[in-house]
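K.L.:
Number of protein chains: 2
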Amino acid sequence: MNIDIGNVLIDEAEPGLDADSLETLDERVREAHQRIADGRAREEFGYAALNLPETTDPDAIRQACTEVEDSETILTVGIGGSALGAATITAAIGDDETGHYVLDNVDPARTNSVLAEIDLAETAVHVVSRSGTTAETLANFLVVREAMTDDGVDWTDRTIVTTGDDGPLRSLAKKHELPALDVPDGVPGRCAALSTVGLVPAAIMGCDIEALLAGGEAGAESLAPSLFDCPAYAYGAVAHALDQQGAGVNVMMPYAEGLESFAEWFAQLWAESLGKEGEGQTPVRALGATDQHSQLQLYRAGPRDKMVTLVRPENRESLTVPETEIPDLDYLGNTDLGRVLDAEFDATEASLADAGCPNVRIEIERLDAHGLGRLLYDMQAACILAGELYGVDTFTQPAVEWGKRAARGLLGAGETAEARAVADKYCRRIE
Amino acid sequence: MNIDIGNVLIDEAEPGLDADSLETLDERVREAHQRIADGRAREEFGYAALNLPETTDPDAIRQACTEVEDSETILTVGIGGSALGAATITAAIGDDETGHYVLDNVDPARTNSVLAEIDLAETAVHVVSRSGTTAETLANFLVVREAMTDDGVDWTDRTIVTTGDDGPLRSLAKKHELPALDVPDGVPGRCAALSTVGLVPAAIMGCDIEALLAGGEAGAESLAPSLFDCPAYAYGAVAHALDQQGAGVNVMMPYAEGLESFAEWFAQLWAESLGKEGEGQTPVRALGATDQHSQLQLYRAGPRDKMVTLVRPENRESLTVPETEIPDLDYLGNTDLGRVLDAEFDATEASLADAGCPNVRIEIERLDAHGLGRLLYDMQAACILAGELYGVDTFTQPAVEWGKRAARGLLGAGETAEARAVADKYCRRIE
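Protein chains in written order, with my numbering: chain A, -6 to 424; chain B, -6 to 424.
1) Is any beta-carbon of chain A found at less than 8 Å from that of residue 205 (chain B)?
2) Going by CA-CA distance only, name the one from A:316, A:346, A:226 and A:359 that's closest to residue 23 (chain A).
3) Taking the DSSP output, what are the residues bridged to residue 93 (chain A)?
4) What residue does the alpha helix (DSSP H) around residue 76 (chain A) start on, and which one ends it?
5) Quick one: list the residues of chain A neighbouring residue 459 (chain B), beta-carbon separation under 9 Å, in chain order.
6) Along the chain, where does the alpha helix (DSSP H) containing residue 26 (chain A) start, and where does it finish?
7) Can you name the residues of chain C whose CB is closer than 9 Å to the CB of residue 288 (chain B)?
8) With DSSP as the reference, identify every bridge partner of residue -5 (chain B), one or two as the case may be.
9) Determine, using beta-carbon pairs with one atom in the region 202 to 210 of chain B and one in the region 90 to 107 of chain B, whether at least three such pairs fall under 8 Å.
10) Locate the alpha helix (DSSP H) running through residue 47 (chain B), then write down its first and last residues.
11) Measure the CB-CB distance between residue 312 (chain A) and residue 105 (chain B) and report whether it falls below 8 Å.
12) Is there a Cβ from chain B that is less than 8 Å from the Cβ of residue 255 (chain A)?
13) Under a three-way DSSP split, which group does residue 368 (chain A) fall into?
14) So is residue 420 (chain B) in contact with chain A if we call contact Cβ pairs under 8 Å?
15) Could you tell me which chain B residues have their CB closer than 8 Å to the CB of residue 309 (chain A), listed as they occur along the chain?
16) In three-state terms, what does DSSP make of residue 299 (chain B)?
17) Extract the residue ranges of the beta strand (DSSP E) inside the region 203 to 263 of chain B, only unbroken runs of 3 or more that lie entirely within it.
18) Considering only the alpha carbon of each residue, which of B:83, B:235 and B:65 lies closest to residue 191 (chain B)?
19) With a 10 Å radius around its C-beta and 16 neighbouring C-beta atoms as the bar for buried, classify residue 35 (chain A) as buried or exposed.
20) Can a CB atom of chain B be found closer than 8 Å to the CB of residue 238 (chain A)?
21) For the region 33 to 49 of chain A, list every residue whose C-beta sits within 7 Å of some C-beta in chain B, in sequence order.
22) For the beta strand (DSSP E) containing residue 174 (chain A), name the first residue and the last one.
23) Measure from the C-beta of residue 105 (chain B) to each C-beta in chain A and report whether the shortest distance is under 8 Å.
24) Check for me: the alpha helix (DSSP H) holding residue 194 (chain A) runs from which residue to which?
25) Just the C-alpha distance for residue 216 (chain B) and residue 223 (chain B), rounded to the nearest angstrom, thanks.
26) Write down every uninterrupted run of the beta strand (DSSP E) in the region 270 to 337 of chain A whose length is 3 residues or greater and which is fully enclosed by it, in chain order.
27) According to DSSP, is residue 344 (chain A) part of a helix, a strand, or is it coil?
28) Report yes or no: is there a C-beta of chain B within less than 8 Å of the C-beta of residue 359 (chain A)?
29) Using the C-alpha atoms, what's the distance from residue 243 (chain B) back to residue 347 (chain B)?
30) Cβ atoms of residue 42 (chain A) and residue 193 (chain A): under 8 Å apart, would you say?
31) Which chain B residues sit within Cβ distance under 9 Å of residue 8 (chain A)?
32) Compare the C-beta of residue 172 (chain A) against all C-beta atoms of chain B and say whether one is closer than 8 Å.
33) Please classify residue 126 (chain A): does DSSP put it in a helix, a strand, or coil?
34) Distance, Cα to Cα, residue 183 (chain A) vs residue 332 (chain B)?
35) Quick one, which residues of the region 339 to 351 of chain B are near chain A if we go by CB-CB under 8 Å, in chain order?
36) So residue 282 (chain A) contacts chain B; which residues on that side make the cut at Cβ distance below 7 Å?
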């Protein structure tokens, strides 16, 4: 992975950085890198995520998948960090033949529709929850399990569990002798893509999970005590510094359809890790070139509160646009479609620079297992570095808990003060 | 549709509004409503979009679709406003049997993958471009047309064109006697969902497009000169006023999987219409309950620069969670999955209010053709109203043009100053 930060340094960028401020920033990066390295060495909570490429055992994952490796469909039942990493990986490098469905919500219309669409007898179910009690996940799993039984499918033959050391899912796995994997120690869900949590569906699809981990390892080896030598830290440091200058919005805009889910994964990583104590950039997911016809107007002409992160692979698949008799379109004939996409990338980057909107360019060699592993790893390292610079607790998510307690109370799992607060809502309804 | 703005009025909301400022705002709404009504009466550019429910002819759309109404797959070739409305409608109310694919990008990997997946002999192609020269759309169309010919499929039997009065697509339609529909006069693409542009795939799927239009008509009838009597104007006015108080980010968070594309459609509408002259809220797409495990941490504990828009249907499909022997999960047994989702909605709303993050609740009766038509119409009316309050040119998108000229130049369609500017990029690359 490489990063080009030229367009945050230009005189016109607003907000922007100058060479002096980069030097000051680099001092802080050096210190933060040391803390991160120490945390990794001690396998501290969160920092341990950066050790996953070496601690994850791909053989154990393949072993757990043996019974269901010929499935035509994979159904991931999980939510948040238990689902997004897996979805990101299969969307980017999965094959076109195996369908990967994700039940990461509790919408009856969606669950009904997925169950109507897939053949449960040919489906591998991967249910993921560290605690084994996540309401959304367990509710969906109970529904799926019943649907399998109703269809005459033995659910114990087709279910893989990834969970913590104890809890209801662990007990269930033991009781029914299900293949069971451990969620990694000391790794929050949103940083667990390169572990059991993220790799099971990819393994069933036959993706090269070893290459994914090797890409992560290349990221680990690239970590260095200066932003000028380390693309991951350069990204985290520049994003943080731009935020301090007023870029409260960080637009993640990959120019590759396969990375659309990656932008969503990034949004979770960035928002949940850094959104604390009144700090944190708001991640906005976009997709090039499509969103040039949707969001670019705002980025170029709206408030100066944004940075744009443009991501692309340096090499793409080939597809030649045929020559045409249609007037005015002859310039497209015999062009590769990827060349059109890259021209749009270059044009957007220059258009933002021209308007003074700071943007950075991130490139991976190609969108394969190695390139994706590297990208995921580097973004996590960037986020952890940014967390050090913000001075927040990067690996917790305390603000999510209030709503969870309220929802549990509303569903009758014991009375909670939060559930009572819901009833006090002040209404001003307009019909 | 109804809207509840109680949670922007509470004392704790920051930013927030008080009763007095709402009264002042209502004065401006009254004037803006008059300008909008006048614009509609004169069928002025843009305002004409609010007349679509009465000017769109569903019979003409059904007529154009006759030859391909039994297709098992629909392929929309278009970009931005030419694709998002159609995708939003079929995602929300389409059937599960007919696949709707959208080629709204120029990624060779994606176009290759779609062509490998679908049976072109059973596919209806809808190609949409007002000018008939949009590079992304025409490049994809040329590829699809050749693929059909290679597969022995007569593309002229399976292609419907929606375009302007002249241009290459219109000529092509005439030459090959293709079913051709007009893009509506005076309506920018992003406001054209309730026209030929948005309704063709829905019609092929057998959706009730008359009910969609009737829902839009109900929205038209609800427009009134006071925000206290009109949910659409209440939304546009409150969003604008909160932006002026510092809520530069507007999170659109529907609690219904079928509305995930709607959030994307809204993001285009809001960003491209209002992002001008340094003004405009940044729309952020989210999905409840999924993104509670992703973004909520930031919304609750991050910077006070946000409003959150929560959307849901008042009635949902049914799906009962089975009773379970699993300890700690008995509270889920015999609950409807939709009740879990609604409990999460209520909990998130209260959690945001508790943290002082302003939020509004929008409800439609159910997620059917009528409810969706109403929602799309009301959001457009809200956006147009907000544009009046901002004082921007709601219906143009000048900042998109720079990049288009640059891309065309790079692809060899004549030299442009913008293409030359791309070559001047200042690089600071870190590897």
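Backbone N, C-alpha and C fix where the C-beta goes; we use that ideal spot for every residue, glycine too.
In this text the structure is predicted, and so the values were computed from the model without any measurement.
P.N.:
In this structure, then:
1) For the purposes of this step, residue 205 (chain B) is taken as the residue at position 212 of the second sequence. Chain A contact via Cβ: absent.
2) Residue numbering aside, residue 23 (chain A) sits at position 30 when the first sequence is read from its first letter. Measuring from the Cα of residue 23 (chain A), the nearest candidate turns out to be A:226.
3) Indexing the first sequence from 1 puts residue 93 (chain A) at position 100. Note: residue 93 (chain A) sits in a beta bridge opposite A:67.
4) In the first sequence, counting from the first residue as 1, residue 76 (chain A) sits at position 83. From DSSP, residue 76 (chain A) is part of no alpha helix (DSSP H); its letter is neither H nor E.
5) Any question about residue 459 (chain B) goes unanswered here, given that chain B covers just -6 to 424.
6) The residue you call residue 26 (chain A) lines up with position 33 of the first sequence. First-last of the alpha helix (DSSP H) with residue 26 (chain A): 12 to 34.
7) Of the protein chains in the structure, A and B, none is chain C.
8) Translated into the one-based positions of the second sequence, residue -5 (chain B) becomes position 2. B:356, per the DSSP bridge assignment.
9) no
10) Within the second sequence, residue 47 (chain B) is the residue found at index 54, counting from 1. It spans 45 to 48 - the alpha helix (DSSP H) in which residue 47 (chain B) sits, taken as one unbroken run.
11) For the purposes of this step, residue 312 (chain A) is identified with residue 319 of the first sequence, where counting begins at 1. For the purposes of this step, residue 105 (chain B) is identified with residue 112 of the second sequence, where counting begins at 1. Yes. Within cutoff.
12) Here residue 255 (chain A) corresponds to residue number 262 of the first sequence, with the count starting at 1. Not closer than 8 Å to any Cβ of chain B, the Cβ of residue 255 (chain A) fails to qualify, so no.
13) Here residue 368 (chain A) refers to the residue found at position 375 of the first sequence. Three-state DSSP puts residue 368 (chain A) in a helix.
14) Translated into the one-based positions of the second sequence, residue 420 (chain B) becomes position 427. Residue 420 (chain B) counts as touching chain A.
15) By 1-based counting over the first sequence, the position of residue 309 (chain A) is 316. Those are 100, 101 and 102, listed as they occur along chain B.
16) Position 306 of the second sequence, counting from 1, holds the residue named residue 299 (chain B). Correct three-state label for residue 299 (chain B): strand.
17) 242 to 247
18) Taking the second sequence and counting its residues from 1, the one referred to as residue 191 (chain B) is at position 198. Ranking the options by Cα distance to residue 191 (chain B), first place goes to B:83.
19) Sequence index remark: in the first sequence, residue 35 (chain A) carries index 42 (1-based). Counting Cβ neighbours within 10 Å, residue 35 (chain A) comes out exposed, since fewer than 16 surround it.
20) Here residue 238 (chain A) refers to the residue found at position 245 when the first sequence is read from its first residue. False, the Cβ-Cβ gap to chain B never drops below 8 Å.
21) none
22) As a working note, residue 174 (chain A) is residue 181 in the first sequence. First-last of the beta strand (DSSP E) with residue 174 (chain A): 173 to 175.
23) Taking the first residue of the second sequence as position 1, residue 105 (chain B) is located at position 112. Chain A contact via Cβ: present.
24) In the first sequence, counting from the first residue as 1, residue 194 (chain A) sits at position 201. Here the alpha helix (DSSP H) through residue 194 (chain A) covers 189 to 197.
25) Walking along the second sequence from the start, residue 216 (chain B) turns up at place 223. Walking along the second sequence from the start, residue 223 (chain B) turns up at place 230. If you take the alpha carbons of residue 216 (chain B) and residue 223 (chain B), they lie about 6 Å apart.
26) 275 to 278 and 299 to 308
27) By 1-based counting over the first sequence, the position of residue 344 (chain A) is 351. The answer is helix: DSSP assigns residue 344 (chain A) an H, G or I state.
28) Taking the first sequence and counting its residues from 1, the one referred to as residue 359 (chain A) is at position 366. It does not; no Cβ of chain B falls within 8 Å.
29) Counted from its first residue, the second sequence places residue 347 (chain B) at position 354. Counted from its first residue, the second sequence places residue 243 (chain B) at position 250. Cα-Cα distance, rounded: 18 Å.
30) Within the first sequence, numbered from 1, the residue matching residue 193 (chain A) stands at position 200. Within the first sequence, numbered from 1, the residue matching residue 42 (chain A) stands at position 49. It is not a contact, given that the beta carbons lie outside the stated cut-off.
31) As a first step, residue 8 (chain A) must be located in the first sequence, where it is residue number 15. Near residue 8 (chain A) there are no residues of chain B at all, since even the closest Cβ is about 14 Å away, more than 9 Å.
32) In the first sequence, residue 172 (chain A) corresponds to position 179, counting from 1. No - not a single Cβ of chain B is within 8 Å of the one on residue 172 (chain A).
33) For the purposes of this step, residue 126 (chain A) is identified with residue 133 of the first sequence, where counting begins at 1. Residue state, collapsed to three classes: coil.
34) Counted from its first residue, the first sequence places residue 183 (chain A) at position 190. Counted from its first residue, the second sequence places residue 332 (chain B) at position 339. Roughly 27 Å separates the two Cα atoms.
35) 339, 340, 341, 342, 343, 344, 346, 347 and 348
36) Taking the first sequence and counting its residues from 1, the one referred to as residue 282 (chain A) is at position 289. Chain B residues near residue 282 (chain A): 98, 99 and 129.
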